[in-house]
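Quick note, the sequences are listed as chains F and W, same order.
Residue numbers for the first sequence follow UniProt numbering, beginning at 1 and rising by one.
Residue numbers for the second sequence follow UniProt numbering, beginning at 1 and rising by one.
No residue lacks a Cβ here, since even glycine has one placed at the ideal position from N, Cα and C.
Values in this document were obtained by computation on a predicted structure and should not be read as measured data.
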Amino acid sequence: MTRNFAFAATVLVALGGCTATIPTDPDGTLDRVSGGTLRVGVSPSPPWTDLPDGPNGEPAGTEVELVEEFARSIDAEIVWVPGGEEELVGQLEHDELDLVIGGLTAKSPWSSKVALTYRYVSTTGPRGEKELHVMAAPMGENAFLVELERFLLDQDLPA
Amino acid sequence: MSARFGRTELPEEQERALRRAVRLAWLTIAFLVTAVTGVYLAMGSSQAMKAAWMEDMLSFIPPVAFLLAVRRTRRPPTPEHPYGYHRAVGVGHLVAATALLAMGAFMVFDSASGLVKAEHPPVGLIEVGGFTLWSGWLMIAVMAYTAVPPVLLGRAKMPLAEALHDRVLYADADMNKADWMTAVGAIVGILGIGLGLWWADAVAALFISGSILKDGITNLKVAVAALMDARAETYDGRDPHPLVLAIDEQLGAVDWVEEARSRVRDQGHVFHVESFVVPRPGYHPTLEDLRLAREHVVDLDWKVDDMVVIPVEELPDRMLPGVKEQAGSHDAG
Numbered sequence: 001m002t003r004n005f006a007f008a009a010t011v012l013v014a015l016g017g018c019t020a021t022i023p024t025d026p027d028g029t030l031d032r033v034s035g036g037t038l039r040v041g042v043s044p045s046p047p048w049t050d051l052p053d054g055p056n057g058e059p060a061g062t063e064v065e066l067v068e069e070f071a072r073s074i075d076a077e078i079v080w081v082p083g084g085e086e087e088l089v090g091q092l093e094h095d096e097l098d099l100v101i102g103g104l105t106a107k108s109p110w111s112s113k114v115a116l117t118y119r120y121v122s123t124t125g126p127r128g129e130k131e132l133h134v135m136a137a138p139m140g141e142n143a144f145l146v147e148l149e150r151f152l153l154d155q156d157l158p159a
Numbered sequence: 001m002s003a004r005f006g007r008t009e010l011p012e013e014q015e016r017a018l019r020r021a022v023r024l025a026w027l028t029i030a031f032l033v034t035a036v037t038g039v040y041l042a043m044g045s046s047q048a049m050k051a052a053w054m055e056d057m058l059s060f061i062p063p064v065a066f067l068l069a070v071r072r073t074r075r076p077p078t079p080e081h082p083y084g085y086h087r088a089v090g091v092g093h094l095v096a097a098t099a100l101l102a103m104g105a106f107m108v109f110d111s112a113s114g115l116v117k118a119e120h121p122p123v124g125l126i127e128v129g130g131f132t133l134w135s136g137w138l139m140i141a142v143m144a145y146t147a148v149p150p151v152l153l154g155r156a157k158m159p160l161a162e163a164l165h166d167r168v169l170y171a172d173a174d175m176n177k178a179d180w181m182t183a184v185g186a187i188v189g190i191l192g193i194g195l196g197l198w199w200a201d202a203v204a205a206l207f208i209s210g211s212i213l214k215d216g217i218t219n220l221k222v223a224v225a226a227l228m229d230a231r232a233e234t235y236d237g238r239d240p241h242p243l244v245l246a247i248d249e250q251l252g253a254v255d256w257v258e259e260a261r262s263r264v265r266d267q268g269h270v271f272h273v274e275s276f277v278v279p280r281p282g283y284h285p286t287l288e289d290l291r292l293a294r295e296h297v298v299d300l301d302w303k304v305d306d307m308v309v310i311p312v313e314e315l316p317d318r319m320l321p322g323v324k325e326q327a328g329s330h331d332a333g
């Protein structure tokens with residue numbers, strides 16, 4: 001038992017050494033979107049995200065600009081999918097989206113369904129409480145998550 | 001520190017063992033405080049880390065139960081508790097075993113459902129002192145820290161558990177000794193996540209929970225058997241205690257004794273002995289004979305103190321089950 005266990009551990013470490021990219025995506029999201037298309041769900045929540053010309057217009061807002069910048073950094077084309085937060089989270093869960101934005105905070109109730117990023121910026125909410133802003137990525141696509149988080153942290157936003 | 005369990009005085013070796021065991025129990029608690037804090041801060045959304053954390057939390061129970069039980073068993077017997085307070089050890093053992101069993105069952109269910117629902121655990125970046133790194137590395141570092149001390153503590157406690165005949169201490173030492181597997185299991189799970197094998201984490205969690213459940217079942221069996229007045233067994237519950245046979249032989253060696261048989265139960269630390277002796281035909285033992293016979297046996301071991309010697313015409317099968325068959329097989333042999 002003990003020996004098998006040590007063996008399994010060694011094999012895993014050896015495998016880690018070979019692939020050398022830790023973490024890796026189980027479903028290969030980062031590989032697919034890099035140089036491809038990034039499907040982003042936007043739920044309006046000004047000033048973070050907004051749809052000034054209605055659901056068929058171009059989205060705007062600080063988070064939208066951040067995502068555009070991120071997409072450029074991995075050479076991806078963005079396909080915007082406007083919608084309500086719950087609907088978009090559902091689509092993210094079912095691999096129909098790669099990212100959801102809409103003024104989400106670290107307190108978001110969706111944390112059991114989607115991966116919330118590192119709290120990349122903090123602001124003071126309407127009732128004086130601290131709000132830590134996050135974006136939502138697919139569960140367990142850790143290479144993609146880490147790439148996005150690294151980008152957000154590099155922006156030197158007031159975290 | 002008075003070197004007593006109830007009214008049983010401890011020999012020097014046991015006294016030293018007890019003092020060391022108490023120190024080790026406090027040391028275990030101190031280590032666990034650092035471990036649960038570290039693991040909690042690093043665990044993120046890894047199932048295996050959560051399971052390892054739960055196990056660390058549960059690991060508080062045996063040393064605490066040991067310390068409480070030792071305090072209790074020191075009390076001398078009272079009119080309300082003529083046998084003393086030794087059973088506190090059994091109660092502590094039962095409580096610890098039940099906690100392990102319940103938590104093990106819950107965690108097996110929890111990690112199995114994570115596996116069935118194919119939950120992909122997200123593990124992202126963390127900032128530590130200005131450095132940004134994948135938080136999986138931090139988790140692995142913390143688990144590596146929690147792997148080593150329990151093994152050393154468990155090894156140190158094991159001989160003390162034997163010297164003191166303490167089941168709670170034994171259960172604690174046994175769990176400590178196996179604890180590195182939890183840490184390695186969690187590390188394998190996290191490495192699995194890192195490699196994109198989402199299921200590795202849940203499988204590692206399942207492995208850890210299974211080992212907790214197994215600890216619970218084994219300990220519960222031994223604890224319940226002891227409280228049900230099973231015959232005295234060795235501290236690990238594997239064999240009948242050699243003292244049981246030694247007591248009968250010691251009594252048999254008394255010159256006026258024709259035949260002797262005892263029933264011995266484990267009160268926790270010390271034994272409670274009822275010896276039935278059949279005198280040689282025509283010999284009527286005096287009160288002094290009985291006292292000397294008792295003292296002759298009590299000298300055998302510190303654990304034997306609470307002992308009664310009962311002269312009988314023949315060994316009572318009702319109180320010594322199996323004695324007739326054994327006598328029969330002796331004749332045949």
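{"Item": "Length of the line joining the Cα atoms of L195/W and T21/F", "Value": "8 angstroms"}
{"Item": "Status (buried if at least 16 other CB within 10 Å, exposed otherwise) for M103/W", "Value": "buried"}
{"Item": "For M307/W, the first and last residue of its enclosing beta strand (DSSP E)", "Value": "304 to 311"}
{"Item": "Length of the line joining the Cα atoms of G237/W and E249/W", "Value": "22 angstroms"}
{"Item": "Within 9 angstroms of chain W by C-beta, residues of the segment 129 to 142 of chain F in sequence order", "Value": "A137, P138, M139, G140, E141, N142"}
{"Item": "Cut-off 7 angstroms between Cβ atoms - residues of its own chain near A147/W, not counting five sequence neighbours on either side", "Value": "W180, A183, V184"}
{"Item": "9 angstroms Cβ cutoff, L10/W in contact with chain F", "Value": "no"}
{"Item": "Limits of the unbroken alpha helix (DSSP H) element including A178/W", "Value": "167 to 194"}
{"Item": "Nearest-angstrom Cα separation, counted from E131/F out to G125/F", "Value": "6 angstroms"}
{"Item": "Closer than 9 angstroms to chain W by CB, R150/F", "Value": "yes"}
{"Item": "Residue closest to A314/W, alpha-carbon to alpha-carbon, out of V22/W, E259/W, L164/W", "Value": "Rather than Ala, the amino acid found at residue 314/W in this sequence is Glu. Looking at the Cα atoms, E259/W is the closest of the given residues."}
{"Item": "Sequence-distant residues of its chain with Cβ nearer than 6 angstroms to F271/W (five each side left out)", "Value": "A232, V264, K303, V304"}
{"Item": "Paired residues, beta bridge with I101/F - DSSP", "Value": "V42/F"}
{"Item": "Chain-ordered neighbours of L104/F on chain W, where CB pairs are closer than 8 angstroms", "Value": "None at all; the shortest Cβ gap to chain W is about 14 angstroms."}
{"Item": "Contact set between the segment 173 to 200 of chain W and chain F, restricted to residues whose Cβ is under 8 angstroms from the partner", "Value": "M181, V184, G185, I187, V188, L191, G192, I193, G194, L195, G196, L197, W198, A200"}
{"Item": "Backbone secondary structure at Q267/W - three-state DSSP", "Value": "strand"}
{"Item": "Selection from L104/F, E141/F, E87/F, E93/F that minimises the alpha carbon distance to R32/F", "Value": "E141/F"}
{"Item": "Three-state class that DSSP yields for G333/W in the structure shown", "Value": "With a pLDDT of 36 at G333/W, under the threshold of 50, the predicted position of this residue should be treated as unreliable, and no value is reported."}
{"Item": "Exposure label - Y83/W; buried when at least 16 CB within 10 Å", "Value": "exposed"}
{"Item": "K130/F in three-state terms, based on DSSP", "Value": "strand"}
{"Item": "Interfacial residues, the segment 136 to 161 of chain W to chain F, with Cβ spacing under 9 angstroms", "Value": "G136, W137"}
{"Item": "Every unbroken alpha helix (DSSP H) within the segment 37 to 115 of chain W, with a cutoff of 4 residues, ordered by chain", "Value": "47 to 58, 61 to 73"}
{"Item": "Residues that V123/W contacts on chain A, provided the C-beta gap is smaller than 7 angstroms", "Value": "Note that chain A does not occur in the displayed structure, where the protein chains are F and W."}
{"Item": "Cα-Cα separation between G28/F and G192/W, rounded to whole angstroms", "Value": "15 angstroms"}
{"Item": "Three-way DSSP call (helix, strand, coil) for F151/F in this model", "Value": "helix"}
{"Item": "CB-CB length for E279/W against P240/W, believed under 8 angstroms", "Value": "According to the sequence shown, residue 279/W is Pro rather than Glu. Their Cβ separation, rounded to whole angstroms, is 27 angstroms, which puts P279/W and P240/W out of contact at 8 angstroms."}
{"Item": "T123/F, enclosing beta strand (DSSP E) - first and last residue", "Value": "121 to 124"}
{"Item": "Residues bridged to P82/F [DSSP beta-bridge criterion]", "Value": "V42/F"}
{"Item": "Contact list for P46/F against chain W, beta-carbon separation under 9 angstroms", "Value": "Residues of chain W passing the Cβ test: none, with the nearest at roughly 27 angstroms."}
{"Item": "Which residues DSSP lists as bridging L125/W, in chain order", "Value": "W134/W"}
{"Item": "Cβ-based burial, F31/W [other Cβ within 10 Å; buried from 16]", "Value": "buried"}
{"Item": "As assigned by DSSP and simplified to three states, the class of T37/F", "Value": "strand"}
{"Item": "Cβ-based burial, Q155/F [other Cβ within 10 Å; buried from 16]", "Value": "exposed"}
{"Item": "Per DSSP, cross-strand counterpart(s) of T218/W", "Value": "Looking at the DSSP assignment, T218/W forms no beta bridge with any residue, so it has no partner."}
{"Item": "Any chain F beta carbon closer than 9 angstroms to E127/W", "Value": "yes"}
{"Item": "Meets three-Cβ-pair contact criterion under 8 angstroms: the segment 138 to 153 of chain F and the segment 50 to 63 of chain W", "Value": "no"}
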